[in-house]
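Numbering (this note's numbering), first residue to last: 7 to 1025.
Here is the structure we will look at.
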């Protein structure tokens, strides 16, 4: 009993399998979709089949049938163990037809394998073979060679082909049967073909295959078992198929799902930790990747790019496992922007264990708080356990969370964090307070301080050939680990030495002018008074106050910038235009095989010899779908066609750029970097800006950037309605009220005059900042302070007026002629004679006795005091008294008031204002003047910006409740000082019922003048 699988080829125009249809149905099993002429005949030995075919189709000669039958597999049906599918030569022939046939697709080939092998077809077992099909990168000859090398491992008796002849590309599976009809000649042809198949190459050698006998199959199976259990490798060499890396841009929502799908199919996949929606896949060909994707996943692929070996190596280094002592920044989620400490070196399943200051606490905390875990606030009920390492308590565990030094142990996905080489000390402030791994924290602070090392600074060697030698920095390169050039005097000779940045330390001397760039005294400028270890005593420049700061938080050059109030009259010659090709330039190839192609430059070698650009006219063809649009050409073969719209120099305005403007780099090494301008050097035509990505300070030529947005004037719009000072122009020295601020202009009304428009650079706030964003320098600030002092009228000094001196009548000339009043006055002193008056009816004496003594308190004075006290008691007290008395109650509440019509021209009349929180007497501009309250309200303009005012307390009236559920502050009665909730409000009767307790039905009724509506502060 045999199973014979045959493939009937077409004879002339009539298919041979039509003749097989005349056979009994017991001989014909089915036709496979892989080949429409493929039949499986059961119980049909070849001789018996030939006889039946000749009997039923006499017009077909047996010799012709022999010639047209291709025997594929011939095995004994009684053998239940068919062996491994990898040993089946026909299965390898089906796969090979994918390369040798011009019409067979990969999907049809796999379907044919599945139809042929059935349940024995397992895709993972054939992974090496299918990979070899695409190993030639669209070179079918190389792929076929690699495929046959793999085939030799499993089918060693595969008929060999001559290496001198290329693989034949079969155009058709049909045969031209123009041979002779003599049976002997046909038999001789078959014998000849067998010889050719054994030793050489024939045009028909593919139609006959040597079949393994049963004993050969048994020997082969025994050899494989021996190799499996003895560990002996097969003698055949393993072909190495080079894998490449491809970057796939997919939709963000399916990134992780597609990565998991590809990983399950055996691909090496890396999710981009920098840009969402990017997958790095390692494969021999993008075609292989697409074949493993379903239609749903394929539709989400936007584009793909081939990654060069250099970029792949950089990616491997970037995505390697993070060291256990490093810093990372969270890119998404609740902890977005926070810096964490990498805690666990084992980063399995793309998760990284870090230590981070917690934002969620197991005890009450204000919303948005970031602080260390406080174990003292946890009840001592045994629910919190200690974490002990080497006999030392290093942390605590509470409710499933672990805390080390107050830092929370948490896991983040690798692509949700990014490594930070040197974070800002303020970002790791809580890590330093926790005390966890303080040596590494200090090492980070030292690295941060070395970033501020510039040319002209002093540095000391701490290791290397010249330890403790102090030199002057000539040049610094902060990239690639950092390096610098130092000039030192060695044996009286000046030497220039190259060193690594971590081999030196900064040297700060007493008297150096510095600026604090981190810590609690950020922004303070002054000079160094003394040093003690790592701490430095700094004398502030303006207040002369002495503060103590870490030396790692100091910059030896104060980072300040200022703009002139007037345009500089000196003409500055701009530097010559850079003619070199930079990253971001649009170029066109003028020579070579890529002539005519154009695009944007993406990379230029450091020597400027080779550039890479992306072809903008990359045609969408089948061939180009698997080719990278990036092209590399020599710089000499390319020319710039147009430059991006960068800032240009004009004689009228110079460079239209100033600190605070938003810029984007359009060309150069910092291409596509964005940030806010920090300083501008018009002489050198360069600027420094703070990068939005990593907050680093980048220095670029002005001609390399584009201005995306002018400095915002919203900062000074809050000064509208407040007093400003005119420090330039014809009205210099006047004070006025600011009404509006626009770009370069502002509207000011000098007191007693109408509004006028002035340049923003000529007007300053009360804190000494020009309305154009420039800060007054030291000398201008002194003049400004002096001008402010002169602008105020000093009140005259008040003194106590002495009582009038009483004069006595002259004794020498008594009579009515002494004066018209009949009374003469002299100095009020003792008389020369001690004789007392002789008469009690002396008119002078009577007059003196009736005059009140100003130095004595009489009945009239007492009456005046009583009347003033009664008048004060009759007047209604303003809110300042009870706001100060119950100030602790307003830490979390804002009181609501109505404003009198005479305040600010009636603009706030019929509107409610809120007190500032947490202190009603401190506003956005500082403490409120005496007798006033700091309040705020929303503007009526579009956007509803918050406006802040200082309003006298006498002009404020407590707001009345209007609805149920409001909260009121009790001003009078036995419940004074409490905050209760309204249960019922009677507007017509001007009274309100308040709940004594939130869940209680007991209420108290009060008048509207006894309460004030308050609102809780929104967290």
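Glycine included, every Cβ here is placed at the ideal spot set by N, Cα and C.
Check                                                                                                                   : Outcome
Segment contact, 8 Å Cβ cut-off, at least three pairs: the stretch 454-465 with the stretch 670-682                     : no
contact_flag[the stretch 247-262, the stretch 279-299] where n(CB pairs < 8 Å) is 3 or more                             : yes
Backbone secondary structure at residue 299 - three-state DSSP                                                          : coil
Residue(s) in a DSSP beta bridge with residue 992                                                                       : 997
Close beta carbons around residue 500, own chain, < 8 Å, minus the five adjacent residues each side                     : 493, 494
Assigned exposure category for residue 115 - 16 Cβ within 10 Å defines buried                                           : buried
With 16 other Cβ atoms within 10 Å as the buried cut-off, status of residue 437                                         : buried
Inter-residue Cα distance where the pair is residue 381 and residue 417                                                 : 22 Å
Buried versus exposed, by CB contacts within 10 Å (16 or more), residue 869                                             : exposed
Per-residue burial, residue 434 [other beta carbons within 10 Å of its own, 16 or more giving buried]                   : buried
Simplified DSSP state of residue 50, which is helix, strand or coil                                                     : Note that residue 50 scores 40 on pLDDT, short of 50, meaning its location in the model is unreliable; the coordinates nonetheless yield the value given after this. Coil, per DSSP.
Proximity of residue 974 and residue 967 at Cβ, strictly below 7 Å                                                      : yes
Runs of alpha helix (DSSP H) lying entirely within the stretch 677-732, each at least 4 residues, in chain order        : 720-723
Segments of 4+ residues assigned as alpha helix (DSSP H) that fall wholly inside the stretch 89-155                     : 95-106, 112-123, 133-139
Classification of residue 427 by the beta-carbon crowding that lies within 10 angstroms, buried from 16 upward          : exposed
With 16 other Cβ atoms within 10 Å as the buried cut-off, status of residue 897                                         : exposed
Own chain residues within Cβ distance below 6 Å of residue 853, not counting five before or after                       : Any reading at residue 853 is ruled out, since the residue's pLDDT is 44, under 50, leaving its predicted position unreliable.
Burial state of residue 64, where buried means 16 or more other Cβ atoms lie within 10 Å                                : Here the model assigns residue 64 a pLDDT of 49, short of 50, so the residue's position is not dependable, and the following value carries that caveat. Per the 10 Å Cβ criterion, exposed.
Sheet register partners of residue 952 (DSSP bridge)                                                                    : 944
Any alpha helix (DSSP H) of 4 or more consecutive residues that is wholly inside the stretch 415-449                    : 435-440
Residue of 642, 757, 889, 588 minimising C-alpha distance to residue 709                                                : 588
DSSP state of residue 757 mapped onto helix, strand, coil                                                               : coil
The stretch 390-408 touching the stretch 327-335, judged by at least three CB pairs closer than 8 Å                     : no
Three-pair Cβ contact test at 8 Å for the stretch 514-527 versus the stretch 535-542                                    : yes
Through-space distance from residue 691 to residue 657, alpha-carbon basis                                              : 14 Å
Close-in-space but distant-in-sequence residues of the same chain around residue 778 (CB under 6 Å, 5 per side omitted) : 766, 767
Backbone secondary structure at residue 972 - three-state DSSP                                                          : coil
Residue 474 in three-state terms, based on DSSP                                                                         : coil
Where residue 1027 falls, given that 16 or more other Cβ within 10 Å makes a residue buried                             : Past the edges of the chain, shown from 7 to 1025, lies residue 1027, and the structure says nothing about it.
Meets three-Cβ-pair contact criterion under 8 Å: the stretch 363-377 and the stretch 462-482                            : no
Span of the beta strand (DSSP E) around residue 551                                                                     : Neither: residue 551 is in no beta strand (DSSP E) and is coded neither H nor E.
Beta-ladder partner(s) of residue 791, from DSSP                                                                        : For residue 791, which the question treats as bridged, DSSP gives no partner whatsoever.
Own chain partners of residue 318 with C-beta closer than 7 Å, once the 5 adjacent residues on each side are dropped    : 251
Inter-residue Cα distance where the pair is residue 685 and residue 523                                                 : 16 Å
Touch test, the stretch 295-303 against the stretch 259-271, Cβ-Cβ under 8 Å, three pairs minimum                       : yes
Supposed contact pair residue 283 and residue 256 - C-beta distance, whole angstroms, cut 8 Å                           : 6 Å
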